[in-house]
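In the numbering used here, the protein residues as written are 13 to 97. Virtual Cβ for every residue (Gly too), placed ideally from N, Cα, C. Predicted model, so just to flag it, every value in this text is computed and none were measured.
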């Protein structure tokens with residue numbers, strides 16, 4: 013998908029196109045419309061850098077049981093000889 017942002021919007025907000033994309037990503041993450049990965053991709057940022065921005069704005073991460081299970085699967089693949097559970 014391509015999104016065209018009129019120059020007038022950028023001039024009014026005094027933001028670059030990238031800054032506006034990042035603000036949109038933060039807003040959509042905060043509203044639980046995007047995952048951390050999706051939002052950081054939209055913002056063209058590494059996840060850790062995006063997390064720092066969220067933390068600086070006191071926006072909590074959305075971390076549920078499924079996220080924990082996914083992380084456990086990833087850890088088991090990375091460290092197959094270590095039994096977590």
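(message) So, with DSSP's three-state summary, where would you put residue 55?
(response) coil
(message) Quick check: what's the CA-CA separation for residue 36 versus residue 25?
(response) 13 Å
(request) Over the uninterrupted alpha helix (DSSP H) stretch that includes residue 69, give me the two end residues. (result) Run containing residue 69: none; DSSP gives neither H nor E here.
(message) Please classify residue 55 as buried or exposed, where buried requires at least 16 other C-beta atoms within 10 Å of its C-beta.
(response) buried
(request) Count the other CB atoms, across all protein chains shown, that sit within 10 Å of the CB of residue 77; report buried if there are 16 or more and exposed otherwise. (result) exposed
(message) If I measure Cβ to Cβ from residue 51 and keep anything under 8 Å in the same chain, skipping five residues before and after, which residues do I get?
(response) 37, 38, 40, 41, 62
(request) State the DSSP-derived secondary structure class of residue 76, mapped to helix, strand or coil. (result) coil
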